[in-house]
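Taken in order, the sequence shown gives residues -21 to -1, 1 to 248; the numbers are from mature numbering (1 follows the signal peptide of the UniProt record, and there is no 0).
Quick notes on the structure that follows.
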Amino acid sequence: MKYSCCLLSSMVGIWGSVASAETEAGSEPLGRIVVVKADDLREPNAKWKRFVQIAEEQDIKVSIGIIAYGFPLYDSTAVEWTRGLEESGRVEFWNHGWDHNHWKDPDGRRVSEFFRSGYEHQKENLEKSQKKLVSILGHPAEVFGSPFNAMDQDTLTVLEEMPEFRGVFYYHLKEPLKSSSLDKCMLYMYLPGENDGTGKPNFEKFKAKYASREKELTFTALQFHPPYFSEEGFAEFEKIVEFLKEEGWTFMLPREYIDWTESQATSNP
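Written out as structure tokens, the structure is:
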């Protein structure tokens, strides 16, 4: 069923006929679906709290990736903040790795936490990040998104060995997943959320990119980096949200989208 979910995930992103399917209850069409992917939570600082406040004011759901190593588990206020948001049903936290590090190998090639770092390193980091997320959230994360969106075949092997992961954020045209079939539900980033670089959303550029692909897209994950937003960045993010709402997109949590694709795979084997 998960493999079918992965296939349906791609179909939802590209073919409008799939996304016009009705909900599991059979009462309303879902329309077009967007999952907000917010990266790099190390601690719930003022910018993160503002991001969440905007989401609440806009009445949308968002997902936030935790970098496990940097999260202050000793801070009960920080832990209560994350658990309270999850209990609200508006926010889902996902695994963004252990340390988000990168370095160079002896040949001068770029290495990062889940790219060229080796199976053992990746397995250890993913396992200990999940363990810490259990301490923070009270449960393991169901979704993974790699730092720098960089993965390799070792990452795929580790993810397959960890059944608690039901979904993965990634680019739909990037290796290794372009030519591989990972037995997880894919939350593909078909559109860029930040067209001027990390932490720099640009509404006009987003709208132009959206217009170029509007007819073919009915799902996208949309990546943002709120801890690096300027005042202008927050304003541009809010414009993008308002635009997608006007266009009729449904904002979902990752687990909601995964549940929906799995229900569609079951009803359309």
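All C-beta atoms, glycine included, are put in the ideal place defined by N, C-alpha and C.
Can the beta-carbon of residue i be found less than 7 Å from the beta-carbon of residue j?
i, j, result
"A34", "W77", "no"
"F230", "I43", "no"
"L166", "V58", "no"
"K26", "P205", "yes"
"Q202", "G176", "no"
"Y169", "T197", "no"
"I45", "C164", "no"
"S114", "L52", "yes"
Around the C-beta of residue i, are 16 or more other C-beta atoms found within 10 angstroms, so that it is buried, or is it exposed?
i, result
"H118", "exposed"
"E71", "buried"
"S6", "Legend: pLDDT at S6 = 37, less than 50; position of this residue unreliable, value from coordinates given subsequently. Exposed, since its Cβ has fewer than 16 Cβ neighbours within 10 Å."
"T134", "buried"
"K28", "exposed"
"A244", "buried"
"N24", "exposed"
"P233", "buried"
"S125", "buried"
"R11", "buried"
"P180", "buried"
"L156", "buried"
"E215", "buried"
"Q32", "exposed"
"Q109", "buried"
"D18", "buried"
Compare the Cα-Cα distances from residue i to each of the options and report the closest residue.
i, options, result
"T240", "R145, P23, H75, F182", "R145"
"R89", "E193, F127, E215", "F127"
"H75", "V113, A120, H81", "A120"
"E225", "Q32, D19, Q37, F30", "Q37"
"D162", "S108, E221, V122", "V122"
"G97", "G68, A129, L116", "A129"
"L112", "E193, E140, D86, T61", "T61"
"P142", "E106, N181, L116, S191", "E106"
"I219", "R192, F185, Y207", "F185"
"T140", "E99, F222, E215, R95", "Reading off the sequence, residue 140 comes out as Glu, not Thr. Comparing Cα-Cα distances from E140 to each of E99, F222, E215, R95, the minimum goes to E99."
"D54", "F30, R69, E22, F222", "E22"
Is residue i close to chain B, meaning its C-beta is less than 7 Å from at least one C-beta of that chain?
i, result
"N24", "Looking at the structure shown, chain B is missing, and only one protein chain is on hand."
Whole-angstrom Cβ separation of residue i and residue j, contact assumed at under 8 Å?
i, j, result
"residue 267", "K102", "Past the boundaries of the shown model lies residue 267; the chain is included only from -21 to 248, so the question cannot be answered."
"G178", "G212", "6 Å"
"L116", "E65", "6 Å"
Ignoring anything shorter than 3 residues or poking outside the segment 77 to 116, list the beta strand (DSSP E) runs there in chain order.
If we require 3 residues or more, the beta strand (DSSP E) runs fully inside the segment 77 to 116 come out as 81 to 83, 89 to 91.
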